[in-house]
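**Student:** Pasting a structure here, questions to come.
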Amino acid sequence: MNMRIPLSAPDITQAEIDAVTNVLRTPNLCFGPELAAFESALARYHSVDHAVAVSSGTAGLHLALITLGIGRGDEVIVPSFAFVAVANTVRQVRAAPVFAEIDPLTLNLDPSSVERAITPRTRAVVVVHTFGVPAQMDALDTIARRHRLALIEDACEAIGAEFDSRRVGSFGNMAVLGFYPNKQITTGEGGAVLCRDASHAARLRSLRNQGRSGDDWLDHAEPGFNYRLSDLACALGRVQLGRIEEILALRSQAARRYDALLKDVPGLELPLLELLRRKLSWFVFVVRLPGGVSRNQVQTAMAHNGIATGRYFAPLHQQPAYRARPGTAVESLALTEQIAPRMLALPFFNRITQGEQEEAADALRSAIDHARHSPPQVSVDKLVGNSEASYLDD
Ligand SMILES: Cc1ncc(COP(=O)(O)O)c(C=O)c1O
127 MNMRIPLSAP DITQAEIDAV TNVLRTPNLC FGPELAAFES ALARYHSVDH
177 AVAVSSGTAG LHLALITLGI GRGDEVIVPS FAFVAVANTV RQVRAAPVFA
227 EIDPLTLNLD PSSVERAITP RTRAVVVVHT FGVPAQMDAL DTIARRHRLA
277 LIEDACEAIG AEFDSRRVGS FGNMAVLGFY PNKQITTGEG GAVLCRDASH
327 AARLRSLRNQ GRSGDDWLDH AEPGFNYRLS DLACALGRVQ LGRIEEILAL
377 RSQAARRYDA LLKDVPGLEL PLLELLRRKL SWFVFVVRLP GGVSRNQVQT
427 AMAHNGIATG RYFAPLHQQP AYRARPGTAV ESLALTEQIA PRMLALPFFN
477 RITQGEQEEA ADALRSAIDH ARHSPPQVSV DKLVGNSEAS YLDD
């Protein structure tokens, strides 16, 4: 259905158009100066030594796991309340994702649940800064060090966020960024891996480029991938990164407007505008519907008014791709299971207007009211069956 008010929208100015057009006038559409300049800008912004641009956040997670030596027989602790790439990429290196519980306030990995999930096979933790809210990095870092685990930050949703005045992406052994068009900054498709270790950076650069070891196009040190990011994408990303303060301020303003518009809706829980020790980077505006209100009904009613909404996220341990695999969750993930079905993302993007937010808020208010007074219909939350990916099995 075509929505009048979309869930997300990229914010492309003439500066981005000029930057991409300029690249098109050069012979360097790939591996040109924009790649190097974008990578340097990302590394500087995050105060890390190396940034390696890749074709997506998923590609970044995949390469981070390989480069850290995660493989067959290893376990990697990940949140279940997360985007599916965090588990898929663990499986793609033949390791097992072990799902841990979230903190209900931040929706990020609960450090005590992480600690309970550690076994002799655990090698790494992928900590997601969900919706742009930094995870409890001090506790997670302590746990990772104590148990000698690699810490991978998935900062795909959180560029610019800070924990204790330090930018996310600068804590872990490696961090991954994502630049899909719904993200705070975009390159169309794209991502990056941040790291401190020069040998890791060299391996990441080789792996993203078919495992090439040097300048010789036909010299392959190991089997690699085509996870390159074009200079067109890097030029776009560089301008977007240059605008990040403006972008984060616009998103923060939009979040505050929703808060003012929705704070009196009975039973509706809004994301916190401020959190101790954290600077937020608003990725999405996700509300928790009042208990007993059918999300499906609310979404349908809003869609009839031309207002897009999203379901962020379905618990990964309940997905057909993961639920049948024994040992993927070490404890019951009651909070994840209770919270996830109530989560509803509202239209949220840099240039959303006060009028659009008022419309979305009014539609949400009446949809909740209506859902409270009429029986629920069949839920779209019901998962559709999907066979296991046989190509991953031996
Ligand atoms: C937390 C998280 N990790 C990873 C990804 C994957 O990024 P991409 O879509 O660029 O592959 C996303 C993207 O939505 C994400 O939100």
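Quick note on my numbering: the sequence shown kicks off at 127 and runs consecutively.
For every residue, glycine included, the Cβ atom is placed at its ideal position computed from N, Cα and C.
(1) Taking the CB atoms as reference points, tell me whether residue 178 and residue 197 lie closer together than 7 Å.
(2) Less than 7 Å between the C-beta atoms of residue 233 and residue 226, yes or no?
(3) When you measure from the CB of residue 323 to every non-hydrogen atom of ligand 1, does any distance come out below 6 Å?
(4) Note the first and the last residue of the continuous alpha helix (DSSP H) segment covering residue 284.
(5) From 308, 237 and 468, pick the residue whose C-alpha is nearest to that of residue 416; which is it?
(6) Taking all protein chains shown into account, do 16 or more other C-beta atoms lie within 10 angstroms of the C-beta of residue 143, making it buried, or fewer, making it exposed?
(7) Between residue 482 and residue 138, which are expected to be in contact by the criterion C-beta below 8 Å, what is the C-beta distance as a whole number of angstroms?
(8) Which parts of the stretch 425-498 are runs of the alpha helix (DSSP H), unbroken and 4 residues or longer, counting only runs that do not cross its ends?
(9) Less than 7 Å between C-beta atoms, sequence neighbours within five positions excluded: which residues of the same chain meet that for residue 463?
(10) Grab me the residues of residue 286's own chain with a C-beta within less than 6 Å of its C-beta, minus the 5 sequence neighbours each way, in chain order.
(11) Buried or exposed, going by whether 16 or more other CB atoms sit within 10 Å of the CB of residue 238?
(12) For the beta strand (DSSP E) that residue 362 lies in, which residues bound it at each end?
(13) Since residue 202 sits in a beta bridge, which residues does DSSP pair it with?
(14) Cβ of residue 180 within 7 Å of Cβ of residue 358?
(15) Going by other Cβ atoms of all chains shown within 10 Å of its Cβ, with 16 needed for buried, is residue 389 buried or exposed?
(16) Would the C-beta of residue 254 count as close to ligand 1, meaning under 6 Å from any of its heavy atoms?
(17) Identify which residue in 297, 494 and 486 has its Cα closest to the Cα of residue 129.
(18) Which residue comes first and which comes last in the alpha helix (DSSP H) that contains residue 263?
(19) Is the Cβ of residue 446 closer than 7 Å to any Cβ of chain D?
(20) Could you give the residue range of the alpha helix (DSSP H) that holds residue 212?
(21) For residue 192, I'd like the list of residues in its chain whose CB is within less than 7 Å of its CB, leaving aside the five on either flank, ordered along the chain.
(22) So is residue 201 buried or exposed if we call it buried at 16+ other beta carbons inside 10 Å?
(23) Residue 282: beta carbon under 6 Å from a heavy atom of ligand 1?
(24) Beta strand (DSSP E) containing residue 411: first to last residue?
(25) Exposed or buried, which one is residue 393 when buried takes at least 16 other CB atoms within 10 Å?
(26) Can you tell me whether residue 195 is buried or exposed, with buried defined as 16 or more other CB within 10 angstroms of its CB?
(27) Taking all protein chains shown into account, decide if residue 457 is buried (16 or more other Cβ within 10 angstroms of its Cβ) or exposed.
(28) Cα-Cα, which of 429, 418, 433 and 258 is closest to residue 495?
(29) Should residue 211 be listed as close to ligand 1, given that the test is whether its C-beta is under 6 Å from any heavy atom?
(30) Taking 6 Å as the cut-off, does the CB of residue 184 come closer than this to any heavy atom belonging to ligand 1?
(31) Could you pull the start and end residues of the alpha helix (DSSP H) that residue 183 belongs to?
(32) Is the separation between the beta-carbon of residue 208 and that of residue 224 shorter than 7 Å?
**Tutor:** Put simply:
(1) As a first step, residue 178 is located in the sequence shown; it is residue number 52 there, counting from the start. As a first step, residue 197 is located in the sequence shown; it is residue number 71 there, counting from the start. At least 7 Å separates the beta-carbon of residue 178 from that of residue 197.
(2) For the purposes of this step, residue 233 is taken as the residue at position 107 of the sequence shown. For the purposes of this step, residue 226 is taken as the residue at position 100 of the sequence shown. Result no, Cβ atoms of residue 233 and residue 226 do not sit closer than 7 Å.
(3) By one-based count along the sequence shown, residue 323 stands at place 197. No, ligand 1 has no heavy atom inside 6 Å of this Cβ.
(4) As a working mapping, residue 284 is identified with position 158 in the sequence shown. Looking at the DSSP string, residue 284 is not in any alpha helix (DSSP H), and its letter there is neither H nor E.
(5) As a working mapping, residue 416 is identified with position 290 in the sequence shown. When only C-alpha atoms are compared, the closest one is 468.
(6) Start at 1 with the first residue of the sequence shown, and residue 143 comes out as number 17. When all chains shown are included, residue 143 counts as exposed.
(7) By 1-based counting over the sequence shown, the position of residue 482 is 356. By 1-based counting over the sequence shown, the position of residue 138 is 12. Residue 482 to residue 138, Cβ: 18 Å. No contact.
(8) 446-449, 460-465 and 480-498
(9) Working through the sequence shown from its first residue, we reach residue 463 at position 337. 441.
(10) Taking the first residue of the sequence shown as 1, we reach residue 286 at position 160. Excluding positions up to five away in sequence, the list reads 370, 374 and 407.
(11) The count along the sequence shown starts at 1 and reaches residue 238 at position 112. In the assembly as shown, residue 238 is an exposed residue. Its beta-carbon has fewer than 16 other beta-carbons within 10 Å.
(12) Residue numbering aside, residue 362 sits at position 236 when the sequence shown is read from its first letter. Run containing residue 362: none in the beta strand (DSSP E); it sits in the alpha helix (DSSP H), 357-368.
(13) Taking the first residue of the sequence shown as position 1, residue 202 is located at position 76. For residue 202, the pairing in a beta bridge is given by DSSP as 223 and 250.
(14) Here residue 180 is taken as the residue at index 54 of the sequence shown, counted from 1. Here residue 358 is taken as the residue at index 232 of the sequence shown, counted from 1. The answer is no: Cβ separation not under 7 Å.
(15) Numbered from its first residue, the sequence shown carries residue 389 at position 263. Its Cβ having fewer than 16 others within 10 Å, residue 389 is exposed.
(16) One-based indexing of the sequence shown puts residue 254 at position 128. Yes; taking the cut-off as 6 Å, the Cβ of residue 254 has a heavy atom of ligand 1 nearer than that.
(17) Stepping through the sequence shown from its first residue, residue 129 is reached at position 3. That would be 486, whose Cα lies nearest to the Cα of residue 129.
(18) The residue given as residue 263 occupies position 137 in the sequence shown. That run of the alpha helix (DSSP H) goes 263-272.
(19) Among the chains in the structure shown there is no chain D, since it carries only a single protein chain.
(20) Counting from 1 along the sequence shown, the entry for residue 212 is found at position 86. Run containing residue 212: 211-218, per the alpha helix (DSSP H) assignment.
(21) Working through the sequence shown from its first residue, we reach residue 192 at position 66. Around residue 192: 219 and 333.
(22) Locating residue 201 in the sequence shown gives position 75, counting from the first residue. Burial call: buried.
(23) Residue numbering aside, residue 282 sits at position 156 when the sequence shown is read from its first letter. Yes.
(24) As a first step, residue 411 must be located in the sequence shown, where it is residue number 285. Here the beta strand (DSSP E) through residue 411 covers 411-414.
(25) Here residue 393 is taken as the residue at index 267 of the sequence shown, counted from 1. Residue 393 comes out exposed.
(26) The residue given as residue 195 occupies position 69 in the sequence shown. Exposed, because fewer than 16 other Cβ atoms sit within 10 Å of the Cβ of residue 195.
(27) What you label residue 457 is simply residue 331 of the sequence shown in a count that begins at 1. The residue in question, residue 457, is exposed, as its Cβ has fewer than 16 Cβ neighbours within 10 Å.
(28) Residue numbering aside, residue 495 sits at position 369 when the sequence shown is read from its first letter. Of 429, 418, 433 and 258, the residue nearest in Cα terms is 418.
(29) Stepping through the sequence shown from its first residue, residue 211 is reached at position 85. Yes, ligand 1 has a heavy atom inside 6 Å of this Cβ.
(30) To locate residue 184, count along the sequence shown from 1; it is residue 58. Yes, the beta carbon of residue 184 sits closer than 6 Å to at least one heavy atom of ligand 1.
(31) Taking the first residue of the sequence shown as 1, we reach residue 183 at position 57. Run containing residue 183: 183-193, per the alpha helix (DSSP H) assignment.
(32) Residue 208 sits at position 82 when you count from the first residue of the sequence shown. Residue 224 sits at position 98 when you count from the first residue of the sequence shown. For residue 208 and residue 224, no; Cβs fall outside 7 Å.
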